[in-house]
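Student: One structure is given below, represented as structure tokens, and several questions about it will come after.
In the working numbering, the protein residues as written are -3 to 158.
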């Protein structure tokens, strides 16, 4: 009985092994090439991607594009090609740095800086608008109320303090 169950399982799995991998079409290869060249940075100093490098005789983009074409023709996938390019040229070839390790600091720092700067500006503006130093060195609030009784009370308190 066990042999029969094993034979049935083996026969049911046979079609999975019989599937032949269909080679990628030209359109799929071109789409992969476009995706990779737009996600990898040119290292010639132009500050653009391999896809948009403005130099016609770029000493980096032209050989890098040929490398990518060769990797695609070898049948490598997107992530495999990116990994090979990083191993050949370093992490600086990535147009968008990875969100891991020390690179997280590069992603988070600008937002933290903006929040801290905004908080400090708000705090400074609030202090400027709420108090004013008089000639005697005492602070006086500059916000006046529309209530006349409240103003009269403030004036009386000011006279009382002097």
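All C-beta atoms in this analysis are idealised placements derived from N, C-alpha and C, irrespective of residue type, glycine included.
Going by C-alpha to C-alpha distance, which of 46, 40 and 116 sits closest to residue 30?
Tutor: 46
Student: With C-beta atoms as the reference, is residue 49 less than 7 Å away from residue 37?
Tutor: no
Student: With 16 as the cutoff for other CB atoms within 10 Å, does residue 77 come out buried or exposed?
Tutor: buried
Student: In the structure shown, what three-state DSSP assignment does residue 45 receive?
Tutor: strand
Student: Would residue 106 and residue 99 be called neighbours here (beta carbons separated by less than 7 Å)?
Tutor: Residue 106 is not a Cβ neighbour of residue 99, given a cutoff of 7 Å.
Student: Tell whether a beta-carbon distance below 7 Å holds between residue 22 and residue 68.
Tutor: no
Student: Give every residue of the same chain whose Cβ lies closer than 8 Å to the Cβ of residue 91, excluding the five residues on either side of it in the sequence, and list them in chain order.
Tutor: 34, 35, 36, 37 and 45
Student: To the nearest angstrom, report how far apart residue 85 and residue 60 are at their CA atoms.
Tutor: 10 Å
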